[in-house]
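Participant:
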Amino acid sequence: MDILCKSCKNFRPALAPQMIPHIYGYCDKLDYPFSKGIFQDAELGAFVAPKECDKYEKND
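FYI, in this note's numbering the residues of the sequence shown are 1077 to 1136.
1) Whose C-beta lies closer than 8 Å to the C-beta of Ile1079 among residues of the same chain, with five residues either side of it excluded?
2) For the beta strand (DSSP E) that contains Leu1106, what are its first and last residues?
3) Buried or exposed for Leu1106, please, with buried defined as at least 16 other CB atoms from any protein chain shown within 10 angstroms of its CB.
4) I need the straight-line Cα distance from Asp1117 to Lys1131, nearest angstrom please.
5) Grouping DSSP H, G and I as helix and E and B as strand, with all else coil, what is Lys1112?
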């Protein structure tokens, strides 16, 4: 599944092999100065990939 975040310049993909099945990556802008994890499964308390985002910036 392709998510909106993957084409945003504030998105960093997950690199740890043990995390890849659970998390798409991290957004540096949503909860600045912290990175917010974007999870694949909607578990209680997990932030899932948004369909719309006011912090979205197209990756050039």
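From the three backbone atoms N, C-alpha and C, an ideal C-beta is built for every residue, glycine too.
Facilitator: By the coordinates alone:
1) Taking the first residue of the sequence shown as position 1, residue 1079 is located at position 3. Close CB contacts of Ile1079 within its chain, under the 8 Å cut and outside five residues either way in sequence, are with Tyr1100, Ile1114 and Ala1125 (chain order).
2) Locating residue 1106 in the sequence shown gives position 30, where the first residue counts as 1. Start and end: Ile1099 to Asp1107.
3) To locate residue 1106, count along the sequence shown from 1; it is residue 30. Result: buried.
4) Position 41 of the sequence shown holds residue 1117. Position 55 of the sequence shown holds residue 1131. Those two C-alpha atoms are separated by around 22 Å.
5) The residue you call residue 1112 lines up with position 36 of the sequence shown. It is a strand residue.
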